[in-house]
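Residue numbers (this note's numbering): 6 to 545.
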């Protein structure tokens, strides 16, 4: 029997149970792979330290606070509160440090996201019985998704709220009740409380609630309901921002400036897309050529998609004004990318179009790709010569196998060395071991203050910056700030901790530069295998 895109196959209970059991098995296997990947805890990066610090301060009774560049505690405004709240709650329940509690949280999030991704594929491809299982395999084998879920960042929690909300929005109930709308509001509010780009999910929900036919409900009532969903979803974040607003009147820790995306962002975007498809990096010359022609490529791609969909007679809506299931996914992707570009232009010039920021795009692109391949397989010509319907599924199978190999290599490497500031090199640092025996209250200044707080629990200030890390503008006060720091070190009022392995902070003075500047200064120094101590903690 030929299965069309519009038809819905009703499988037997035995077959349905078999596919569901397979999806659950893949999700549990994914969670087990995550456990193997992070035996000593999740990976940690500078943003992760802010989340962990906020959770620790909350457990200590000080509220949600983050570390400033001067090593002082300030209200957590730059990051939404839900993820550190989850870490603090898990830490309190398990009686462990938030760093160790994050391991269990992310293992659960990874397994849940694989399962929800498979369920979303079933929603957008109801007639393809094996599509959820294929999708669960594709998601669980993706090395970029596994790596991002193994880091102490808010993206996995955000992805879970997005998937659950999209599942609600793909339901075709003619009259969604108050319970469904209430759950949708809760999920959208949770997404916004996890990441500010949760506004994209709220916009998607508002549009689809207004567009969905609900029996004989007039369009005006649907629009009012949609606006109520949007306002209720944004209310918790609005109250949080009003309560935690800083003295400068910027509750989100950001100010409005015009700084549109540049070619570097375009190169990041193209490099991320390339990395999703093939295991090797794109050469710099080809990468530059692609980014120069990126606008033309995007226009051609959009025209090609419009032509193909028009030729096949496909629309985003079926009968009446009921949105097709995949409309929710496509609309969210459009809103998310538009919001990222808008935030980069007006609010935060530090936004990068890398794997981390584009994780929802990757996750949902895999679901749509699996749907397209399986439906192409079922709707193609059944003749032996119909090779065209087999090619997409064969390419998807090859990608899954290649991704599984890459994932295995990543798991093996991460299991041995760890990730980021939680890696083996930092955990066994001789410089940190030397600082563990320092007694008393000492003010620290370092080129990696994050690692001092992570492993020693000691807040530290960042070295004076040579230039702005985003705009590249030179710091006009650098000489005065370095002179003041040298004076404090000479008077034994500060301990300067310089790690050799901090090249990613190129905007700071290097240890070699500082030692050359202060070679004639009478500052106690002590050399360790991986860095240098200057000031009060150094041996005379």
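No residue lacks a Cβ here, since even glycine has one placed at the ideal position from N, Cα and C.
- The alpha-carbon separation between residue 68 and residue 62 amounts to approximately 6 angstroms.
- Using a C-beta cut-off of 8 angstroms, the segment 137 to 155 makes no contact with the segment 186 to 203, since fewer than three inter-stretch Cβ pairs fall below that distance.
- Here DSSP, grouped into helix, strand and coil, assigns residue 504 to strand.
- Residue environment analysis places residue 248 among the exposed positions, since fewer than 16 neighbouring C-beta atoms fall within 10 angstroms of its C-beta.
- The three-state reading of DSSP puts residue 528 in coil, since its state is none of H, G, I, E or B.
- In this structure, residue 209 sits away from residue 162, with a CB-CB distance that is not shorter than 8 angstroms.
- According to the DSSP secondary-structure assignment, residue 70 is paired through a beta bridge with 80.
- Taking a cut-off of 8 angstroms on C-beta distances, the segment 480 to 495 does not touch the segment 423 to 442, as fewer than three cross pairs fall below it.
- Per the C-alpha coordinates, the member of 339, 65, 528, 110 positioned closest to residue 499 is 528.
- Across the structure, residue 236 and residue 205 are spaced so that their CA atoms are roughly 14 angstroms apart.
- Straight-line measurement puts the Cα of residue 516 at about 45 angstroms from the Cα of residue 143.
- Looking at the backbone, the Cα of residue 104 and that of residue 505 are separated by about 25 angstroms.
- In the structure shown, residue 49 falls within a strand segment according to DSSP collapsed to helix, strand and coil.
- Taking the Cβ atoms as the reference, residue 74 lies roughly 7 angstroms from residue 466, within the contact range of under 8 angstroms.
- The count of Cβ pairs closer than 8 angstroms, one atom from the segment 536 to 543 and one from the segment 438 to 451, reaches three, so the stretches are in contact.
- Contact between the segment 402 to 418 and the segment 460 to 476 is not established, with fewer than three Cβ pairs separated by less than 8 angstroms.
- Using a 10 angstroms sphere on the CB of residue 41, the tally of other CB atoms stays under 16, which defines it as exposed.
- When secondary structure is reduced to three states using DSSP, residue 472 falls in the strand class.
- Rounded to the nearest angstrom, the Cβ distance from residue 339 to residue 369 is 11 angstroms, too far for a contact under 8 angstroms.
- The Cβ atoms of residue 213 and residue 336 sit closer than 8 angstroms to each other.
- Collapsing the DSSP output to three states places residue 465 in a strand.
- When Cβ pairs closer than 8 angstroms are counted between the two stretches, the segment 222 to 235 is seen not to touch the segment 268 to 278, the count staying below three.
- Residue range 536 to 540 is occupied by the beta strand (DSSP E) that includes residue 536.
- The beta carbon of residue 203 is closer than 6 angstroms to those of 196, 197 in its chain, skipping five residues each way along the sequence.
- Nearest C-alpha to residue 437 among 428, 456, 424: 456.
- Under the three-state reduction of DSSP, residue 458 is assigned to helix.
- Taken atom to atom, the span from the alpha-carbon of residue 512 to that of residue 98 is near 40 angstroms.
- Linking residue 50 to residue 229 through their CA atoms gives a straight-line distance of about 43 angstroms.
- The Cβ atoms of residue 130 and residue 123 do not sit closer than 8 angstroms to each other.
- Sequence-distant Cβ neighbours of residue 116 in its own chain, meaning closer than 7 angstroms and more than five residues away, are 32, 33, 35, 36.
- Per DSSP, the beta bridge partners of residue 479 are 472.
- Residue state for residue 513 is assigned as coil, using DSSP reduced to three classes.
- For residue 96, the enclosing alpha helix (DSSP H) has its first and last residue at 87 to 99.
- Taking residue 343 as the centre and dropping the five residues before and after it, the same chain places the C-beta of 205 closer than 8 angstroms to its C-beta, in chain order.
- For residue 451, the uninterrupted beta strand (DSSP E) segment begins and ends at 449 to 451.
- DSSP assignment within the segment 326 to 391 yields the following whole alpha helix (DSSP H) runs of 4 residues or more, N-terminal first: 330 to 351, 364 to 384.
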